[in-house]
Amino acid sequence: MITLLKKMIATLHFYSSKAWVKLLIFCYGAMFQKIGKNVIFNPVNSIFTYANIQLGNHIFIGGKAWFSGEINIGNYVMFGPGVTILGGDHEYKNLEKPMFFVKDNAGRSSAVHIEDDVWVGANVTILKGVRIKRGAIVAAGSLVNKDVEAFEIVGGVPAKVLTQRFNAEDKQIYLTNIMNWEQKNER
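Number 108 in full-length UniProt numbering belongs to position 108 of the sequence shown; there are no gaps in the numbering.
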């Protein structure tokens, strides 16, 4: 009897928490500059500068994310937990006051662009001005401080190219197939 009761409580908790998260996504999602369909994120334990972020379709953002600055994310993008995207930094050469009190950071920010079909692993940090191109993969724990080319797999601190996702022949097959798939599924 107690086992059955525990299962019932666990099931109730599972479904009620899913409903709660969907409601929060709906409410918080409206604060993004742009949000596509089927975007999943946890607004309770993540921090976003909502008004500066554009999200495409079919995006998953793992918990404990921190997205700050102007950020443009394409379609079919996955982020592991703990990903940080910083679109700016602080003025540190002011001779009149401590860095903490310098609020005018004009010119110290630059947009981050993440193209379609990108996978960003857990605990990755992406710095200002970076563009991660289509089909790239960023290994968990990496620091991305420069652009990642299409279909590269990068990792490390700072991130360096580890390998290519596809060889030249497979890349052409992928591009043809994905174009057909997108046309068929975006109707």
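Quick reminder that beta carbons are idealized off the backbone N, C-alpha and C, glycines included.
As the structure is a prediction and not an experimental result, all values here were calculated from the model.
Backbone CA spacing between residue i and residue j [nearest angstrom]
i, j, result
"residue 128", "residue 111", "6 angstroms"
"residue 183", "residue 140", "31 angstroms"
"residue 195", "residue 38", "Since the first residue shown for the chain is 1 and the last is 187, residue 195 is missing from the structure and cannot be characterised."
"residue 75", "residue 185", "12 angstroms"
"residue 187", "residue 36", "Its pLDDT being 46, under 50, residue 187 is placed unreliably in this model, and the value from its coordinates should be taken loosely. Between residue 187 and residue 36, the C-alpha separation is close to 14 angstroms."
"residue 161", "residue 89", "25 angstroms"
"residue 102", "residue 108", "12 angstroms"
"residue 104", "residue 92", "11 angstroms"
"residue 152", "residue 97", "43 angstroms"
"residue 117", "residue 1", "47 angstroms"
"residue 164", "residue 137", "9 angstroms"
"residue 133", "residue 11", "40 angstroms"
Residue i - partner residues in DSSP beta bridges
i, result
"residue 228", "Since the first residue shown for the chain is 1 and the last is 187, residue 228 is missing from the structure and cannot be characterised."
"residue 48", "67"
"residue 152", "164"
"residue 79", "61 and 120"
"residue 40", "60"
Beta-carbon proximity of residue i to residue j, cut-off 8 angstroms
i, j, result
"residue 143", "residue 159", "yes"
"residue 71", "residue 52", "yes"
"residue 69", "residue 87", "yes"
"residue 148", "residue 157", "no"
"residue 85", "residue 67", "yes"
Option in the options with minimal Cα separation from residue i
i, options, result
"residue 41", "33, 31, 20 and 25", "25"
"residue 78", "61, 35, 172 and 113", "61"
"residue 65", "172, 131 and 43", "43"
"residue 54", "113, 97, 11 and 2", "113"
"residue 50", "59, 172 and 33", "33"
"residue 211", "59, 179 and 131", "Residue 211 falls outside the range modelled here, since the chain spans only 1 to 187, and no answer is possible."
- Taking only runs of the beta strand (DSSP E) that begin and end inside the region 84-139, which ones reach a length of at least 3 residues, in chain order? 84-86 and 112-114
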